[in-house]
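**Q** Before I ask anything, let me first share the structure, which is written out below as structure tokens.
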Amino acid sequence: MLPVTAPSENPFVALGVTAAQQTIYTTLLYHPGSTLSDLTRLTEQPRARLAGLLLELQALGMVGVDGSAEPAYTPYPPDAVVETLIRKRETEFIRARIEAKRLSGDLLAAEQRGNPEKLVEIIDGREAVAQRWEQVQRGASRQVKTIDKPPYATDPSRPNEIERDRIANGIEYRAIYTPDALAIPERLEIARDDTAIGERARVLENPPAKLVIVDDELALMPLRGDEPGITALIRPSTLLDILISVFNTCWEQATPLRFDDEESSPPGVWPRLSDADRHLLTLLAAGLKDEAVARHTGMGARTVSRHVARLLRTLNARTRFQAGVHAARRGLV
């Protein structure tokens with residue numbers, strides 16, 4: 001009788017194959033086309049027990065059977081068997097995740113009905129807020145939406161490395177910046193770098209609140225506009241629905257933040273602008289004041305004022321912000 005692999009050496013155990021199933025499969029690898037009678041002699045297993053194991057192996061996709069009077073069993077190649085088993089396990093894992101999420105949702109809904117105070121969690125302290133901000137980003141499965149405005153619980157001059165990692169893993173980031181946010185040194189360059197890797201960025205002059213929404217399933221919002229260290233985490237509720245609507249409205253009203261002229265209009269339709277003019281208009285579209293523009297460009301404040309006045313006339317705009325918006329809509333920046 002052919003020696004077979006010992007149960008402790010079962011290479012398929014991680015894929016849900018029992019030692020007994022693996023023993024019969026290994027025997028068939030060395031004796032393809034064996035019948036039930038053949039396998040009874042080869043393995044010294046009871047006939048009824050073998051018949052049950054062969055049915056299990058067929059269900060796992062590890063062996064095939066012909067239609068003869070005394071069926072013969074043929075093992076599928078081990079590499080193909082492993083791939084089939086892995087796909088089945090992956091499908092089971094996905095179903096388990098879906099079911100766990102459904103059960104968690106049912107449990108959360110039941111808890112919220114009995115304990116409505118759990119709809120809103122108060123996070124106290126800048127360090128705690130920063131930790132929760134990192135946590136909710138890492139937990140995102142689809143999308144992170146933000147309204148970015150000062151003050152901050154974290155250092156605004158440092159890039160959000162978690163965002164960059166999550167974008168690389170397929171998570172969509174949509175950010176609405178205020179002019180005050182982009183006036184902070186390094187902030188505009190961070191926004192430039194983030195849009196280059198996939199962030200969708202817009203600018204709005206005066207959104208109602210600083211806000212983070214993750215997967216439309218939870219939100220973070222400071223309870224006082226001037227103190228990010230006291231922040232509310234809002235779970236599924238009417239309040240969350242309202243905040244999602246607020247963000248969507250702000251997004252529609254905001255102006256795209258662009259850093260190149262890839263979508264510029266055909267020559268001759270709008271005035272030709274120099275690279276310096278386009279850079280200046282980008283800053284104006286972000287709502288920066290003359291002093292902030294001067295810091296970004298290295299020009300003096302009076303020189304900035306003269307250039308801005310010229311661009312206002314060129315674009316027939318009444319305000320700096322309007323000039324930047326007009327230029328962005330016309331594809332000049």
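Residue numbering for the sequence shown is 1 to 333, as defined by full-length UniProt numbering.
All residues carry an ideal CB built from backbone N, CA and C; glycine is no exception.
Since we're looking at a predicted model, the values are computed, not measured.
1) Using C-beta distances below 8 Å, list every residue in its chain close to Arg224, excluding the 5 sequence neighbours before and after it, in chain order.
2) Quick one: any contact between the segment 154 to 164 and the segment 231 to 239, if contact means 3 or more CB pairs under 8 Å?
3) Which residues does DSSP pair with Pro256 in a beta bridge?
4) If you drop the 5 nearest sequence neighbours on each side, which residues of the same chain put their C-beta closer than 7 Å to that of Ala14?
5) Just tell me which of Gly16, Lys145, Arg49 has its CA closest to the CA of Glu92.
6) Roughly how far, in whole angstroms, is the beta-carbon of Ile147 from the beta-carbon of Pro207, given that I think they are within contact range, below 8 Å?
7) Does the count of Cβ pairs from the segment 180 to 191 and the segment 244 to 253 closer than 8 Å reach three?
8) Once DSSP output is grouped into helix, strand and coil, what is the label at Val269?
9) How would you write the range of the beta strand (DSSP E) that Gln143 sits in, first residue to last?
10) Report yes or no: do three or more beta-carbon pairs, one from the segment 190 to 199 and one from the segment 302 to 312, lie closer than 8 Å?
11) Identify which residue in Lys210, Thr178, Asp241, Ala209 has its Cα closest to the Cα of Leu284.
12) Report the residue from Gln135, Ala19, Pro46 whose alpha carbon sits nearest the alpha carbon of Ile213.
13) Got a sec? Which residues, its chain only, sit under 8 Å from Pro228 by beta carbon, not counting five neighbours each side?
14) Which residue's Cα is closest to the Cα of Ala72: Leu29, Leu288, Thr35, Pro46?
15) Thinking C-alpha only, which one of Ile197, Arg97, Ala19, Thr74 is nearest Tyr30?
16) Per DSSP, what kind of secondary structure is Pro78 in: helix, strand or coil?
17) Take the Cβ of Asp241 as the centre, count every other Cβ of all protein chains shown within 10 Å, and call the residue buried at 16 or more, exposed below.
18) Which residue comes first and which comes last in the alpha helix (DSSP H) that contains Glu70?
19) Below 8 Å on the Cβ atoms is my guess for Ala181 versus Lys149; work out the distance and round it to an integer in Å.
20) So is Arg102 buried or exposed if we call it buried at 16+ other beta carbons inside 10 Å?
21) Buried or exposed: which applies to Glu83, given that a residue is buried once 16 or more other Cβ atoms fall within 10 Å of its Cβ?
22) For Gly298 and Arg87, what's the separation of their Cα atoms in angstroms?
23) Go ahead and pull the three-state DSSP assignment for Ile244.
24) Reducing DSSP to helix, strand and coil, say where Tyr152 ends up.
**A** In this structure, then:
1) Cβ within range, chain order: Ile230.
2) Verdict: no, contact absent.
3) Within the DSSP bridge table, the entry for Pro256 names Arg202 as partners.
4) Excluding its 5 nearest sequence neighbours in each direction, Ala14 has no C-beta neighbour in its own chain below 7 Å.
5) For the set Gly16, Lys145, Arg49, the Cα lying nearest the Cα of Glu92 is the one of Gly16.
6) About 5 Å separates the two Cβ atoms, so the contact holds.
7) Remark: fewer than three beta-carbon pairs, one from each stretch, lie closer than 8 Å, so the segment 180 to 191 and the segment 244 to 253 are not flagged as touching.
8) Reliability fails at Val269, whose pLDDT of 41 lies under 50, so the model's placement of it is uncertain and no value is given.
9) 143 to 148 is the extent of the beta strand (DSSP E) around Gln143.
10) Touching, no, given that fewer than three Cβ pairs across the two stretches are closer than 8 Å.
11) Nearest in C-alpha terms to Leu284, of all of Lys210, Thr178, Asp241, Ala209, is Thr178.
12) Here the closest residue by C-alpha is Gln135.
13) Excluding sequence neighbours, Pro228 sits near Arg126, Val129, Pro151, Tyr152, Ala153, Lys210, Pro222.
14) The candidate whose alpha carbon is nearest that of Ala72 is Thr35.
15) Answer by Cα proximity: Thr74.
16) Residue state, collapsed to three classes: helix.
17) Its Cβ having fewer than 16 others within 10 Å, Asp241 is exposed.
18) That residue, Glu70, is in no alpha helix (DSSP H); it is neither H nor E in DSSP.
19) Rounded, the Cβ-Cβ distance is 5 Å, consistent with contact.
20) Arg102 is classed as exposed because its beta carbon has fewer than 16 other beta carbons within 10 Å across all chains shown.
21) In summary, Glu83 is exposed, with fewer than 16 beta-carbon neighbours lying within 10 Å of its beta-carbon over all protein chains present.
22) Each residue's Cα considered, the two are about 58 Å apart.
23) The answer is helix: DSSP assigns Ile244 an H, G or I state.
24) Reduced to three states, the DSSP call for Tyr152 is coil.
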